[in-house]
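**Q** First the structure, which I've put down as structure tokens, then a few questions once you've had a look.
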Amino acid sequence: MAYLELDRVAKQFGAQTVVDDFSLAVGKGEFISFLGPSGCGKTTTLQMIAGFLDPTRGAIRLEDKDLTAIHPAKRGLGIVFQSYALFPHMTAAENVAFGLEMRSVPRTERAERVRAALAMVGLAGYEDRHPRRMSGGQQQRVALARALVIKPSVLLLDEPLSNLDAKLREEMQIELRQIQRTIGTTTILVTHDQNEAMSLSDRIVVMSQGKIEQIGTPQETYEKPASAFVSQFLGKTNDFAGTIDRTSAPARLVAGAWSTPAPAGLSGPVTVSIRPERIGFGDAGLGATIVTRIFQGNHWLFQCDSECGPAIVIRQNDGTAQPAEGERVRLTWRPEDMSVRARAGA
Amino acid sequence: MSMAAEERSTRAPWALTAPALMLFVGVLLIPLAMTVMLSFHDWGQYKGIEPVFILKNWHEIATDPYYAEMFWRTFRIAILTTLLTALLGAPEAYILNRMSGRWKSFFLLVILGPLLISVVARTLGWALLFGGNNGLVNKLLMSLGAIRSPIPFMFTETGMVVALAHVMMPFMVLSVWAALQRLDPQIENAAMSLGAGPVTIIRRIIMPQIMPGVLSGAIIVFSLSASAFATPAIIGGRRLKVAATLAYDEFLNTLNWPLGAAVATLLLVALVLIVVGSNALIERRYAEVFR
Numbered sequence: 188m189a190y191l192e193l194d195r196v197a198k199q200f201g202a203q204t205v206v207d208d209f210s211l212a213v214g215k216g217e218f219i220s221f222l223g224p225s226g227c228g229k230t231t232t233l234q235m236i237a238g239f240l241d242p243t244r245g246a247i248r249l250e251d252k253d254l255t256a257i258h259p260a261k262r263g264l265g266i267v268f269q270s271y272a273l274f275p276h277m278t279a280a281e282n283v284a285f286g287l288e289m290r291s292v293p294r295t296e297r298a299e300r301v302r303a304a305l306a307m308v309g310l311a312g313y314e315d316r317h318p319r320r321m322s323g324g325q326q327q328r329v330a331l332a333r334a335l336v337i338k339p340s341v342l343l344l345d346e347p348l349s350n351l352d353a354k355l356r357e358e359m360q361i362e363l364r365q366i367q368r369t370i371g372t373t374t375i376l377v378t379h380d381q382n383e384a385m386s387l388s389d390r391i392v393v394m395s396q397g398k399i400e401q402i403g404t405p406q407e408t409y410e411k412p413a414s415a416f417v418s419q420f421l422g423k424t425n426d427f428a429g430t431i432d433r434t435s436a437p438a439r440l441v442a443g444a445w446s447t448p449a450p451a452g453l454s455g456p457v458t459v460s461i462r463p464e465r466i467g468f469g470d471a472g473l474g475a476t477i478v479t480r481i482f483q484g485n486h487w488l489f490q491c492d493s494e495c496g497p498a499i500v501i502r503q504n505d506g507t508a509q510p511a512e513g514e515r516v517r518l519t520w521r522p523e524d525m526s527v528r529a530r531a532g533a
Numbered sequence: 060m061s062m063a064a065e066e067r068s069t070r071a072p073w074a075l076t077a078p079a080l081m082l083f084v085g086v087l088l089i090p091l092a093m094t095v096m097l098s099f100h101d102w103g104q105y106k107g108i109e110p111v112f113i114l115k116n117w118h119e120i121a122t123d124p125y126y127a128e129m130f131w132r133t134f135r136i137a138i139l140t141t142l143l144t145a146l147l148g149a150p151e152a153y154i155l156n157r158m159s160g161r162w163k164s165f166f167l168l169v170i171l172g173p174l175l176i177s178v179v180a181r182t183l184g185w186a187l188l189f190g191g192n193n194g195l196v197n198k199l200l201m202s203l204g205a206i207r208s209p210i211p212f213m214f215t216e217t218g219m220v221v222a223l224a225h226v227m228m229p230f231m232v233l234s235v236w237a238a239l240q241r242l243d244p245q246i247e248n249a250a251m252s253l254g255a256g257p258v259t260i261i262r263r264i265i266m267p268q269i270m271p272g273v274l275s276g277a278i279i280v281f282s283l284s285a286s287a288f289a290t291p292a293i294i295g296g297r298r299l300k301v302a303a304t305l306a307y308d309e310f311l312n313t314l315n316w317p318l319g320a321a322v323a324t325l326l327l328v329a330l331v332l333i334v335v336g337s338n339a340l341i342e343r344r345y346a347e348v349f350r
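In structure tokens:
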């Protein structure tokens with residue numbers, strides 16, 4: 188049974204629909220990411236769960252109770268804000284203790300829980316520091332401890348790592364995942380960073396222009412993107428324009444001079460998507476010329492000019508010789524590595 | 060760096076600030092020093108000012124209870140004005156900050172209004188509302204039977220405090236507003252998500268963070284109110300003197316310049332001590348918020 192459920196939630200600001208028809212069932216202990224570009228409605232959705240915004244339509248239920256009827260202060264959710272929103276006039280311990288104070292937790296228990304929460308995020312000994320005297324990463328941890336110490340039913344993370352530098356962000360991702368696994372809090376993360384979403388989440392909700400594009404595990408969304416948007420947004424991809432010709436039998440998928448037996452179902456103009464790391468160089472396949480070859484340590488990145496337009500290819504640096512710039516090559520891939528979609532507007 | 064270049068680099072800032080520095084020295088420091096010197100000179104009804112060094116004026120101020128009462132009144136009015144602007148101005152700034160764009164700029168103009176109106180027109184406006192039996196508010200309250208005799212306004216300390224608070228309000232509102240601008244826009248949501256109600260949010264989260272703004276506004280309002288001249292002069296007239304109006308009268312009516320200079324100097328020194336002292340206190344107390 189769903190723990191947190193969003194049922195056809197929509198939000199309008201005036202005539203503008205920011206979130207539309209958003210339905211999602213979150214299981215207890217699950218880590219969900221809302222992934223999308225800025226303005227896709229992911230933060231708005233999070234704010235509706237938090238209660239800072241009221242949905243225009245639809246229902247939000249937590250354990251079958253209507254969450255929208257509960258005042259935000261009474262929802263008992265833990266929230267980490269993008270700016271952390273720590274209380275600058277309070278020490279780290281006072282910040283963490285605030286939620287417990289509001290719940291009238293007795294002083295001794297409060298002190299114990301604050302100490303444990305700060306220790307959990309690796310800030311033991313920082314109790315008396317003020318936020319302005321802490322680094323961005325430390326402030327982030329205080330914000331996390333403050334949200335978790337109240338034992339929230341759901342933890343909401345609004346782009347919590349976007350203000351950290353790349354190395355620290357990676358460290359925090361691992362730590363965040365470990366903490367979440369240990370205490371098992373149902374978590375919703377809002378992010379525009381696909382790597383973050385993929386490395387942290389059990390499931391990803393890919394959003395675009397207020398609508399859900401796809402809900403799936405990181406692997407599903409990456410390998411079986413439901414739309415062109417998803418395949419473009421999650422990692423690099425190659426899109427070729429092709430046509431499925433059903434006039435001859437057996438039907439064939441034709442792209443330039445290259446063709447292959449057509450998959451069932453579609454006909455007419457289609458888009459063929461293949462991930463760059465699934466393309467190899469072979470004897471038969473789509474003709475292309477290597478334009479640039481970039482060495483990136485563990486892999487090679489090729490930019491090719493193919494018969495169907497530009498293409499990128501990633502090859503593992505496994506020690507084998509790689510084609511040089513300007514060389515004529517043929518791009519091959521297994522049929523199961525390509526996804527074919529009807530081409531819109533054609 | 061060579062010696063010559065080093066010398067040039069220390070000389071250049073002095074040369075560049077010289078014009079402003081000369082203006083500053085010429086129009087501020089020299090007259091100020093002359094005023095201080097003047098306060099030690101002697102004065103007589105028929106002999107005028109005698110450039111000697113005596114402590115007569117300072118002795119008179121220190122011993123005559125008239126001056127103590129007058130300085131006490133000056134600071135009492137300034138403190139009450141400061142309190143009134145803080146009590147009204149801080150909530151005003153908070154509400155203003157929560158308004159949406161168009162209303163915000165409109166009401167900001169309303170708040171700045173008192174500064175745009177001549178002190179005479181503004182003060183006489185208050186007098187029209189409360190002045191004696193003919194004041195509009197007094198008339199209304201009396202005809203409603205709420206009060207028997209008119210609320211006195213002219214020549215009262217209450218009148219001075221109200222009129223001063225009116226004109227000082229913008230300084231307080233802008234100062235608190237600046238502090239509010241530095242608040243994290245999500246801070247109230249953060250407190251709310253942790254279970255805090257609106258009163259707790261204001262008391263525990265907002266107030267401590269805008270307190271430096273309130274206090275720096277208070278310093279501005281206090282020093283301007285304590286040295287205000289026009290409003291006390293119109294409302295207090297000759298009857299209810301404050302330090303500034305007394306110094307003016309000594310200079311221009313009694314023509315006892317040395318005594319006026321002593322009063323002015325004492326006011327200046329007292330204000331500088333109070334302002335510098337409270338500023339140091341605030342900065343130490345709110346070090347974490349300022350950083």
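First to last, the sequence lines map onto chains S and A. Using our numbering, read the first sequence as starting at 188 and increasing by one per residue. Using our numbering, read the second sequence as starting at 60 and increasing by one per residue. We put the CB at the ideal spot given by N, CA and C, even for glycine. A quick note: this is a predicted structure, and the numbers were derived from the prediction, not measured.
#1: With DSSP as the reference, identify every bridge partner of Gly493 of chain S, one or two as the case may be.
#2: Against chain A, with Cβ distances strictly below 8 Å, would Phe221 of chain S count as a contact?
#3: Please name the residues in the region 246–258 of chain A whose beta-carbon is closer than 8 Å to at least one beta-carbon of chain S, in chain order.
#4: Going by CA-CA distance only, name the one from S:Thr243, S:Pro412 and S:Asp426 that's closest to Arg400 of chain S.
#5: Can you tell me whether Leu376 of chain S is buried or exposed? The criterion is at least 16 other CB atoms within 10 Å of its CB, across all chains shown.
#6: Going by DSSP, what residue range makes up the alpha helix (DSSP H) through Pro271 of chain A?
#7: For the beta strand (DSSP E) containing Thr373 of chain S, list its first residue and its last residue.
#8: Am I right that Ala415 of chain S and Thr447 of chain S are in contact with their C-beta atoms under 8 Å? What's the rounded C-beta distance?
#9: Using DSSP bridges, identify the partner residues of Asp432 of chain S.
#10: Taking the beta strand (DSSP E) that Gly265 of chain S belongs to, which residues open and close that run?
#11: Roughly how many angstroms separate the alpha carbons of Ala533 of chain S and Gln381 of chain S, rounded to a whole number?
#12: So if I threshold CB-CB distances at 8 Å, which residues from the region 256–277 of chain A count as touching chain S?
#13: Between the C-alpha atoms of Glu407 of chain S and Met525 of chain S, what's the straight-line distance to the nearest angstrom?
#14: Would you mind reading off the limits of the alpha helix (DSSP H) that contains Leu287 of chain S?
#15: Give me, in chain order, the residues of the same chain whose beta-carbon lies closer than 6 Å to that of Met60 of chain A; leave out the 5 immediate sequence neighbours on both sides.
#16: Give the straight-line distance between the Cα atoms of Arg502 of chain S and Gly472 of chain S, rounded to the nearest whole angstrom.
#17: What did DSSP end up calling Ala533 of chain S once you bin it into helix, strand or coil?
#18: Taking DSSP as the reference, what is the three-state secondary structure of Gln406 of chain S?
#19: Quick one: does Asp123 of chain A have its CB under 8 Å from some CB of chain S?
#20: By the three-class DSSP mapping on this structure, what secondary structure does Asn382 of chain S have?
#21: Among S:Gly467, S:Asp470, S:Ser460 and S:Val500, which has the Cα closest to the Cα of Val478 of chain S?
#22: For a test of the three-state rule: what should DSSP assign to Leu193 of chain S, helix, strand or coil?
#23: Checking contacts by CB at 8 Å: is Asp101 of chain A closer than that to chain B?
#24: What residues of chain A sit near Pro259 of chain S, judged by a beta carbon separation below 8 Å?
#25: Spell out whether any CB of chain A is found under 8 Å from the CB atom of Leu331 of chain S.
#26: Along the chain, where does the beta strand (DSSP E) that runs through Leu146 of chain A open and close?
#27: Residues in its own chain within less than 7 Å of Gly201 of chain S by CB, not counting five upstream and five downstream?
#28: Do Phe468 of chain S and Pro510 of chain S have their beta-carbon atoms positioned less than 8 Å apart in this structure?
#29: Could you tell me which chain S residues have their CB closer than 9 Å to the CB of Asp308 of chain A, listed as they occur along the chain?
#30: Against Ser270 of chain S, what residues of chain A qualify as contacts under a CB-to-CB distance less than 7 Å, listed in chain order?
#31: Suppose contacts are defined by Cβ-Cβ distances below 8 Å. Is Ile219 of chain S in contact with Arg465 of chain S by that definition?
#32: Rounding to the nearest angstrom, what Cα-Cα distance links Arg364 of chain S and Glu346 of chain S in this structure?
#33: I'd like the ranges of any alpha helix (DSSP H) spanning at least 4 consecutive residues and lying wholly in the region 195–244 of chain A.
#34: Note down, in chain order, all residues in the region 232–252 of chain S with a beta-carbon under 7 Å from any beta-carbon belonging to chain A.
#35: Which residue spans inside the region 284–369 of chain S form an unbroken beta strand (DSSP E) run of at least 3?
#36: Quick one: which residues of the region 341–357 of chain S get their C-beta closer than 7 Å to a C-beta of chain A? List them in chain order.
**A** With the given structure in hand:
#1: According to the sequence as given, residue 493 of chain S is Ser; it is not Gly. DSSP lists S:Ala475 and S:Gly496 as partners of Ser493 of chain S.
#2: Interface criterion not met: the Cβ of Phe221 of chain S is under 8 Å from no Cβ in chain A.
#3: Cβ contacts with chain S: Ile246, Asn248, Ala249, Ala250, Met251, Ser252, Leu253, Gly254, Ala255 and Gly256.
#4: Checking the displayed sequence, the identity of residue 400 of chain S turns out to be Glu instead of Arg. The candidate whose alpha carbon is nearest that of Glu400 of chain S is S:Pro412.
#5: Counting of Cβ neighbours within 10 angstroms places Leu376 of chain S among the buried residues, the total reaching 16 or more.
#6: Counting along the chain, the unbroken alpha helix (DSSP H) around Pro271 of chain A starts and ends at Met266 to Ala285.
#7: For Thr373 of chain S, the uninterrupted beta strand (DSSP E) run begins and ends at Thr373 to Thr378, by DSSP.
#8: The pair is not a contact, with the Cβ atoms about 20 Å apart (cut-off 8 Å).
#9: Partner(s): S:Arg439.
#10: For Gly265 of chain S, the enclosing beta strand (DSSP E) begins and ends at Gly265 to Val267.
#11: With a pLDDT of only 43 at Ala533 of chain S, under the threshold of 50, the placement of this residue in the model should not be trusted, and no figure is reported.
#12: Residues of the region 256–277 of chain A whose Cβ lies closer than 8 Å to any Cβ of chain S, in chain order: Gly256, Thr259, Arg263, Ile264, Pro267 and Gln268.
#13: As the crow flies, the alpha-carbon of Glu407 of chain S is around 14 Å from that of Met525 of chain S.
#14: Per DSSP, Leu287 of chain S belongs to the alpha helix (DSSP H) from Ala279 to Met289.
#15: Note that Met60 of chain A scores a pLDDT of 48, beneath 50, so its modelled location is shaky; the value from the coordinates is reported in the next line. In its chain, beyond the 5 residues on either side, no residue has a beta carbon closer than 6 Å to the beta carbon of Met60 of chain A.
#16: Just so you know, the alpha carbons of Arg502 of chain S and Gly472 of chain S end up roughly 17 Å apart.
#17: With a pLDDT of 43 at Ala533 of chain S, under the threshold of 50, the predicted position of this residue should be treated as unreliable, and no value is reported.
#18: DSSP places Gln406 of chain S in the helix class (H, G or I) of the three-state scheme.
#19: So, not an interface residue.
#20: Three-state DSSP puts Asn382 of chain S in a helix.
#21: Among S:Gly467, S:Asp470, S:Ser460 and S:Val500, the Cα nearest to that of Val478 of chain S is on S:Val500.
#22: Residue state, collapsed to three classes: strand.
#23: Given the protein chain composition of this structure (S and A), no chain B is represented.
#24: Within 8 Å Cβ-Cβ: Asn248, Met251 and Ser252.
#25: Taking a beta-carbon distance threshold of 8 Å, Leu331 of chain S does not count as an interface residue toward chain A.
#26: Note, Leu146 of chain A: premise wrong, no beta strand (DSSP E); alpha helix (DSSP H) at Pro124 to Arg157.
#27: Short of 7 Å from the beta carbon of Gly201 of chain S, and not among the five residues preceding or following it, lies no beta carbon of its own chain.
#28: Going by C-beta atoms, Pro510 of chain S is nearer than 8 Å to Phe468 of chain S.
#29: Those do not exist, as Asp308 of chain A stays about 47 Å from chain S at its closest Cβ, beyond 9 Å.
#30: Within 7 Å of the CB of Ser270 of chain S, the CB atoms of chain A belong to Asp243 and Gln245, in sequence order along the chain.
#31: With a cutoff of 8 Å on beta-carbon distance, Ile219 of chain S and Arg465 of chain S are scored as not near each other.
#32: One C-alpha to the other measures close to 15 Å.
#33: 195–202 and 216–240, all fully within the region 195–244 of chain A.
#34: Taking 7 Å as the Cβ-Cβ cut-off against chain A, the residues of the region 232–252 of chain S that qualify are Ala237 and Phe239.
#35: Whole beta strand (DSSP E) segments, 3+ residues: 341–345.
#36: Residues are counted here when their Cβ sits less than 7 Å from a Cβ of chain A; for the region 341–357 of chain S the count is zero.
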